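If you read the sequence shown in our numbering, its first letter stands for residue 3, the second for the next number, and so on. One structure is given here, and the rest of the page talks about it.
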Amino acid sequence: KKKKKKKKEAVVSTQSTGGAEDLVWEKCVELYFGGLFMYGSWFNHVVQGEKRAKEQPDTTLFLRYEDMKADEKGNVIKLAEFLGYPITEERAKSIVESTTFNKMKNDKSTNIFSWAKDDDYTFIRKGIVGDYKNYFSETQFTRAREVLKKSSVTCYNADDFEF
Numbered sequence: 003k004k005k006k007k008k009k010k011e012a013v014v015s016t017q018s019t020g021g022a023e024d025l026v027w028e029k030c031v032e033l034y035f036g037g038l039f040m041y042g043s044w045f046n047h048v049v050q051g052e053k054r055a056k057e058q059p060d061t062t063l064f065l066r067y068e069d070m071k072a073d074e075k076g077n078v079i080k081l082a083e084f085l086g087y088p089i090t091e092e093r094a095k096s097i098v099e100s101t102t103f104n105k106m107k108n109d110k111s112t113n114i115f116s117w118a119k120d121d122d123y124t125f126i127r128k129g130i131v132g133d134y135k136n137y138f139s140e141t142q143f144t145r146a147r148e149v150l151k152k153s154s155v156t157c158y159n160a161d162d163f164e165f
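Next comes the structure, spelled out in structure tokens:
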């Protein structure tokens, strides 16, 4: 079964990279669900992206992380074509190899913010689809599904979420 990146993974990433690492996890989750986190509501952000992609398909490409992870080369080709620069399969393979998660995580130019607290700070966390399961309690998982079901987000389905 094809796995989908859960909104819950975005919560985990936001806590660790959004300056909220000192917050108690439970408080972080509630702020996130309430749209009160660093970048506002994830739901509003995604809904606006979906709307723009439908209204302006020639200028907006909507890609999901888990889809990119499932078919890296295919999505590199898709992105290149969208940008008007079609590439060969070999070039796509080369791009995938040079932008692997581990290469980017170990490259200071792609894995650090200027506001980092220390040299050990990492923006690129794990890159694992489904890692949210290691952080969410069953209650938080249920809350995430409920919030998603009430939202206008269409690219993710609450029934696809596994705990």
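Backbone N, C-alpha and C define an ideal beta-carbon position, used for all residues, glycine too. All values derive from a computational prediction rather than experimental measurement.
Item: Identity of the residue in 100, 47, 69 nearest residue 132 by Cα; Value: 69
Item: Touching by the beta-carbon criterion (3+ pairs, under 8 Å), the stretch 141 to 159 and the stretch 36 to 45; Value: yes
Item: Proximity below 7 Å, CB of residue 79 to CB of residue 94; Value: yes
Item: Span separating the alpha-carbon of residue 110 from that of residue 101; Value: 13 Å
Item: Test item: CB-CB of residue 107 and residue 126 under 7 Å; Value: yes
Item: Alpha-carbon spacing of residue 130 relative to residue 92, whole angstroms; Value: 26 Å
Item: Helix, strand or coil at residue 133 according to DSSP, with G and I counted as helix; Value: helix
Item: For residue 142 and residue 31, believed in contact at Cβ under 8 Å, the rounded distance; Value: 5 Å
Item: Rounded separation between residue 67 and residue 74 - CA only; Value: 10 Å
Item: Cβ neighbour criterion (16 or more within 10 Å) applied to residue 85; Value: exposed
Item: 8 Å contact criterion, which residue 145 and residue 39 should meet: CB distance rounded; Value: No, residue 145 and residue 39 are not in contact; Cβ-Cβ is about 15 Å, not under 8 Å.
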